[in-house]
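Residue numbers for the sequence shown follow the UniProt record's numbering, so the first one is 1 and each next one is one higher.
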Amino acid sequence: MRRATFCDEQGLFKTTDEDDWDASAFPIAAVLRGAPGGEEVVGTVRIYEAEPGLWYGGRLAVERAHRKQGVVGRGLVHKAVTSAHGWGCQRFLALVQAANVAFFESIHWRSLEERSFRDRPHHLMEADLASYPPSDEPRPPPGQRFR
């Protein structure tokens, strides 16, 4: 899904959007149950701890048919931030495409600064952790990754 969104659709990357953070990131998927043919992944996001207490979210991707409804993206962001918050996050940031800033502002984020990423306008944004109660879901042990 990430390749379809960030490489094929948006052209931000040529063949893959993977980077060094993927090795330590926790991927989160939104799964539609009861879809024709079984379950269907309709969205994804990753979270990672850049340094103790400082977490980032990124590579938020939602299938076209599920965009603009605010349900899948909102749910993924909520799960991402509440999970990190429960795992010791003191600050949660994301580099957000300029076209998505209003959506993030509507779910308790604020823009810290404008930045360019791969020649496209983005905003470094911060989640208001007071709006995202910490999850009690245990953090997976080190080295346990999901693919």
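Built from N, CA and C at the ideal position, the CB exists for glycine as well. Computed from a predicted structure; not experimentally measured.
Practice task
Please state whether DSSP places V72 in a helix, a strand or coil.
Solution key: Position 72 of the sequence shown, counted from the first residue, corresponds to residue 72. Reduced to three states, the DSSP call for V72 is helix.
Handout entry: Contact belief for G88 with G53 at Cβ below 8 Å, rounded distance in angstroms
Key = The residue you call residue 88 lines up with position 88 of the sequence shown. The residue you call residue 53 lines up with position 53 of the sequence shown. Their Cβ separation, rounded to whole angstroms, is 6 Å, which keeps G88 and G53 in contact under 8 Å.
Practice task
Take A25 and list the residues in its own chain whose beta-carbon comes closer than 6 Å to its own, dropping the five residues that flank it on each side.
Solution key: Residue numbering aside, residue 25 sits at position 25 when the sequence shown is read from its first letter. Taken in chain order, the residues that qualify are R46, Y48.
Problem - For E40 and P133, the rounded distance between their alpha carbons - result: As a working mapping, residue 133 is identified with position 133 in the sequence shown. As a working mapping, residue 40 is identified with position 40 in the sequence shown. Approximately 28 Å between the Cα atoms of the pair.
Exercise for the section: For F117, collect the residues of the same chain with a Cβ closer than 7 Å to its Cβ; drop the 5 residues on either side in sequence, then sort them by chain order. Expected result: Walking along the sequence shown from the start, residue 117 turns up at place 117. Around F117: L95.
Practice task
Would you list the one or two residues that DSSP bridges to V77?
Solution key: As a first step, residue 77 must be located in the sequence shown, where it is residue number 77. According to DSSP, V77 bridges with nothing at all.
Problem - Cut-off 7 Å between Cβ atoms - residues of its own chain near R139, not counting five sequence neighbours on either side - result: As a first step, residue 139 must be located in the sequence shown, where it is residue number 139. These residues qualify, in order along the chain: W87.
Handout entry: Residues near E63 in its chain [Cβ-Cβ closer than 6 Å; skip 5 each side]
Key = Indexing the sequence shown from 1 puts residue 63 at position 63. Same-chain partners within the cutoff: V42.
Handout entry: Beta-carbon gap between H78 and I107 smaller than 9 Å
Key = By one-based count along the sequence shown, residue 78 stands at place 78. By one-based count along the sequence shown, residue 107 stands at place 107. Yes.
Problem - Where the beta strand (DSSP E) through A102 begins and ends - result: For the purposes of this step, residue 102 is taken as the residue at position 102 of the sequence shown. First-last for A102: 101-106, but that is the alpha helix (DSSP H), not the beta strand (DSSP E).
Handout entry: Supposed close pair T44, A61 - CB separation, criterion 8 Å
Key = As a first step, residue 44 must be located in the sequence shown, where it is residue number 44. As a first step, residue 61 must be located in the sequence shown, where it is residue number 61. Yes, T44 and A61 are in contact; Cβ-Cβ is about 5 Å, under 8 Å.
Exercise for the section: Under 7 Å Cβ to Cβ from L124, same chain only, skipping five residues before and after it: list those, please. Expected result: Numbered from its first residue, the sequence shown carries residue 124 at position 124. Cβ neighbours of L124 beyond the five flanking positions: L93, L95, L112, E113, R115.
Exercise for the section: Identify whether R147 lies in helix, strand or coil by the three-state DSSP scheme. Expected result: Working through the sequence shown from its first residue, we reach residue 147 at position 147. With a pLDDT of 44 at R147, under the threshold of 50, the modelled position of that residue is not reliable, and the figure given next carries that caveat. Coil at R147, not helix or strand.
Problem - Close beta carbons around G75, own chain, < 7 Å, minus the five adjacent residues each side - result: Along the sequence shown, read from residue 1 onward, the residue named residue 75 stands at position 75. Hits under 7 Å: A30.
Problem - S131 versus Q90: straight-line alpha-carbon distance, rounded - result: For the purposes of this step, residue 131 is taken as the residue at position 131 of the sequence shown. For the purposes of this step, residue 90 is taken as the residue at position 90 of the sequence shown. Note on geometry: alpha-carbon atoms of S131 and Q90 lie some 13 Å from one another.
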